[in-house]
Every structure is written in structure tokens, then in C-alpha cells.
Amino acid sequence: SFTMSAAAVFALLSTCLVGFAASTCATSDNANCGSWVANGFCNNGAYTTAQKQAYCPNTCLNVGCVVTTTVIPTTDQNANCAKFAANPTNPFCVNTLTAAQKRFYCATTCSFEITPNADCKVYTVSNNAFAGMTPTNRTQAPGQAVVITPTGATVSRVYVGSTCTLNLYAEAAAVPGTTAVAEAKVGTAGPFQTVTTATTAASYSCTCT
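Note that the sequence shown covers residues -21 to -1, 1 to 188 in mature numbering (1 follows the signal peptide of the UniProt record, and there is no 0).
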């Protein structure tokens, strides 16, 4: 599986990096950088800056190797972007990489997550695939319920604008302001958040100040 192969790649990388101490930026990326970066290599504290400079100097934009002006990608640059984004255990577009790093590889697939253009979005896992629903904008308080699809999917993550609140409800026909909130996510806690208690929610509402 993708997850297993990614783990194997990281194990191999760890072995290869033992004892590496140089701090010079390599002239090109390792052929495996696409897989490593998708699994968090650039922001993984287990590897030193020198190691990241040696193996993925052009991809890890946070290690000081890319100092010249480059063309900013506007389309996917990796053939596996859809696979990365659908990974249910480490979905690429909502992970901890910076927007610039996501754009470097998957500008089209992660377009919303790079530059959000709506107030709220719900992400689900169904048939072992992570996917986002159509984003929605705020409705007047107390809000309007939006049915979560596909029916029965696990609610995994949410995007919440900085001044917004996304409420999750157990009922598909919830009446915001009356129906009990199963879990609330506030944008001030960060844009992309993991759903912890309302993973079986059937609807949500989005309101903002």
C-alpha cells in the first residue's frame, strides 16, 4: 500500500542518513523526494537541516537552498498528487507542509488548501479514501445545516475560516440553534482541524463574525 511503501522509504532514508554531517545544499533532489515530502520529510524534526539540504534541497523550501526567483507552479507537478491527497492516514493537502510546499508539487489538487476561497469545508473518509466536500460560505446565525456526504462516511477533518465556527450535528436534518452540537470547531484554533468526537456527524453549519 502507499502507506507501507512510504514507511519503507523513510526507513531507507534514515539508514542512508546515518552519520551525514555536511551542510552544503545538493545541486538536485533525490529521486524519492516526491514520496518523502508527501509524508512530511521537510518538516520532520528527526532529520537535520543539513540532511534535508543534501537530499531535497529544491523541494524543501524551508532549508535555505532555494534563494533565486523561480517560476511558481500553477498545475500539479507530481503524477501522484491525487493519490497523496486521498491518503486517509496522511492526506497531503491538509498536512503540516506550508502552502508554498504544497504548491510546489500539487498546485491544482491542493488549490483550495493553498488559497482557501470559502469559509468552511468538511473532509471525509469513505472506502478508504480521503476527500473534501464542496466548500461552503457562512450563513446568518444560528446557521443552516448542510448534509454531509457520502452518507455514512467518517468525518475526518474540517477547514474553518479564522472568524468562523463550524458546528457538527449527529442529525442530517439538524436545526442550528435548537439541535445539540456534537462538536464545534473554531477558526481561531487553526484553519485545518481534526474531528475527534463527531466522526459520525451527518450535517454541519458554518457561521462567522
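Note that beta-carbon positions come from the ideal geometry of N, C-alpha and C, so glycine has one too.
Go ahead and label V174 buried or exposed: buried means 16 or more other beta carbons lie within 10 angstroms of its beta carbon, across all protein chains shown.
-> As a working mapping, residue 174 is identified with position 195 in the sequence shown. Label assigned to V174: buried.
Go ahead and pull the three-state DSSP assignment for A(-15).
-> Here residue -15 refers to the residue found at position 7 when the sequence shown is read from its first residue. At A(-15) the pLDDT is 46, less than 50, meaning the model places this residue with poor confidence; the figure from the coordinates comes in the next sentence. A(-15) falls in the helix class under three-state DSSP.
Considering only the beta carbon of each residue, do T186 and N146 sit closer than 9 Å?
-> The residue labelled residue 186 in the question sits at position 207 within the sequence shown. The residue labelled residue 146 in the question sits at position 167 within the sequence shown. Yes, they are a contact pair.
If we ignore side chains and look at the alpha-carbon of each, how far apart do A163 and A132 end up?
-> For the purposes of this step, residue 163 is identified with residue 184 of the sequence shown, where counting begins at 1. For the purposes of this step, residue 132 is identified with residue 153 of the sequence shown, where counting begins at 1. Using only the alpha carbons, I get a separation of about 18 Å.
For Q32, name the three-state secondary structure that DSSP assigns.
-> Within the sequence shown, numbered from 1, the residue matching residue 32 stands at position 53. Q32 falls in the helix class under three-state DSSP.
Straight-line gap, A1 to Y34 (C-alpha atoms, nearest Å) = As a first step, residue 1 must be located in the sequence shown, where it is residue number 22. As a first step, residue 34 must be located in the sequence shown, where it is residue number 55. Confidence is the limiting factor: at A1 the pLDDT is only 41, short of 50, which leaves the residue's position unreliable, though a coordinate-based value still follows. One C-alpha to the other measures close to 11 Å.
Any idea if G156 is buried or exposed, counting beta-carbon neighbours within 10 angstroms, 16 or more meaning buried?
-> The sequence position of residue 156 within the sequence shown is 177, counting from 1. G156 should be labelled exposed.
Looking at A97 and T118, is the spacing between their C-beta atoms short of 9 Å?
-> Translated into the one-based positions of the sequence shown, residue 118 becomes position 139. Translated into the one-based positions of the sequence shown, residue 97 becomes position 118. Not a contact, by the Cβ cut-off of 9 Å.
What residues in its chain sit with their C-beta under 8 Å from that of A108, if we drop five residues either side in the sequence?
-> If you number the sequence shown from 1, residue 108 lands on position 129. Same-chain partners within the cutoff: A65, P67.
Beta-carbon gap between A151 and T176 smaller than 9 Å = Position 172 of the sequence shown, counted from the first residue, corresponds to residue 151. Position 197 of the sequence shown, counted from the first residue, corresponds to residue 176. Cβ atoms of A151 and T176: not closer than 9 Å.
Whole-angstrom distance between G166 and Y138, CA atom to CA atom = Numbered from 1 along the sequence shown, position 159 holds the residue referred to as residue 138. Numbered from 1 along the sequence shown, position 187 holds the residue referred to as residue 166. Roughly 8 Å separates the two Cα atoms.
I think V16 touches T28, with their Cβ atoms under 8 Å apart; what is that distance to the nearest whole Å?
-> For the purposes of this step, residue 16 is taken as the residue at position 37 of the sequence shown. For the purposes of this step, residue 28 is taken as the residue at position 49 of the sequence shown. About 15 Å separates the two Cβ atoms, so there is no contact after all.
From the DSSP output, in three-state form, read off E92 for me.
-> In the sequence shown, counting from the first residue as 1, residue 92 sits at position 113. The answer is helix: DSSP assigns E92 an H, G or I state.
Quick one: is P121 buried, meaning 16 or more other Cβ sit within 10 Å of its Cβ, or exposed?
-> Translated into positions along the sequence shown, residue 121 becomes position 142. So P121 counts as exposed.
Which first and last residues belong to the alpha helix (DSSP H) in which Q80 is found?
-> Your numbering for residue 80 matches position 101 in the sequence shown. Run containing Q80: 78 to 85, per the alpha helix (DSSP H) assignment.
For N146, the three-state DSSP class (helix, strand or coil) | By 1-based counting over the sequence shown, the position of residue 146 is 167. Strand.
Distance, Cα to Cα, Q32 vs A161?
-> For this step, residue 32 is matched to residue 53 along the sequence shown. For this step, residue 161 is matched to residue 182 along the sequence shown. Their backbone Cα atoms lie some 45 Å apart in a straight line.
Should G140 go down as buried or exposed, given a rule of 16 or more other Cβ atoms within 10 Å for buried?
-> Here residue 140 refers to the residue found at position 161 when the sequence shown is read from its first residue. Buried, since its Cβ has 16 or more Cβ neighbours within 10 Å.
Distance, C85 Cα to G13 Cα = The count along the sequence shown starts at 1 and reaches residue 13 at position 34. The count along the sequence shown starts at 1 and reaches residue 85 at position 106. C-alpha separation (whole angstroms): 10 Å.
Could you check which residue in Q123, R136, A124 has the C-alpha nearest to that of G111?
-> Mapped onto the sequence shown, residue 111 falls at position 132. That would be R136, whose Cα lies nearest to the Cα of G111.
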